[in-house]
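Colleague:
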Amino acid sequence: PTKTPDPTVTPEPTAAPEPTEIPGAGYKDGTYIGTGEGFNGPVTVTITVSQGKIVSASYDGEDDEPEFSDAWNGIYEQVLGSQSADGIDTVSGATYSSNGLIQAFQSAISQAK
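Dropping the structure here:
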């Protein structure tokens, strides 16, 4: 008897992967202002969104303590890096100022969504 050849297995096509959402992608372009309660009172953060991403931010407030500058530098870098104010770590030694800045960033970002 003659051996019958094994059938050739046809591979199934793989589905195209779903695109991964980029943090911050999809924000509405513009300038947004948010406020939070810092160590020495209210702090206002202004963010600028371009091409769906946060490209810059500035602050206005009464807090002129050196700890506030530390908080601003730490929070600013984290927000621009992650394109979000969620899950941001406070800056050691400037917890109240950090929390106020985070609140202000969250407020501004929520408007850009």
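Start counting the sequence shown at 2; every next residue gets the next number (the numbering used here). Each residue gets a CB set at the ideal place from its N, CA and C atoms; glycine is no exception.
1. Let me know if Val80 comes out buried or exposed under the rule of 16 or more other beta-carbons within 10 Å of its beta-carbon.
2. What span of residues does the beta strand (DSSP E) with Val44 cover, start to end?
3. How would you write the range of the alpha helix (DSSP H) that Ile103 sits in, first residue to last?
4. Could you tell me the alpha carbon to alpha carbon distance between Ile89 and Pro14, rounded to whole angstroms?
5. Which residues bound the alpha helix (DSSP H) around Gly82?
6. Between which two residues does the beta strand (DSSP E) harbouring Tyr33 extend?
7. Taking DSSP's pairing of strands, which residues face Ala86 in a bridge?
8. Taking only three categories from DSSP, how would you classify Ser59?
9. Which residues in the same chain have their Cβ closer than 8 angstroms to the Cβ of Ser51, if we skip the five residues on either side of it in sequence?
Modeller: This is what the structure gives:
1. Classification for Val80: buried.
2. Run containing Val44: Gly42 to Ser51, per the beta strand (DSSP E) assignment.
3. In the DSSP assignment, Ile103 falls within the unbroken alpha helix (DSSP H) covering Thr96 to Ala113.
4. Rounded to whole angstroms, Ile89 to Pro14 spans 41 angstroms at the Cα level.
5. Segment Pro67 to Ser83, the alpha helix (DSSP H) holding Gly82.
6. Unbroken beta strand (DSSP E) run through Tyr33: Gly31 to Gly39.
7. None; Ala86 has no bridge partner.
8. The three-state secondary structure of Ser59, taken from DSSP, is strand.
9. Correct list, in chain order: Asp30.
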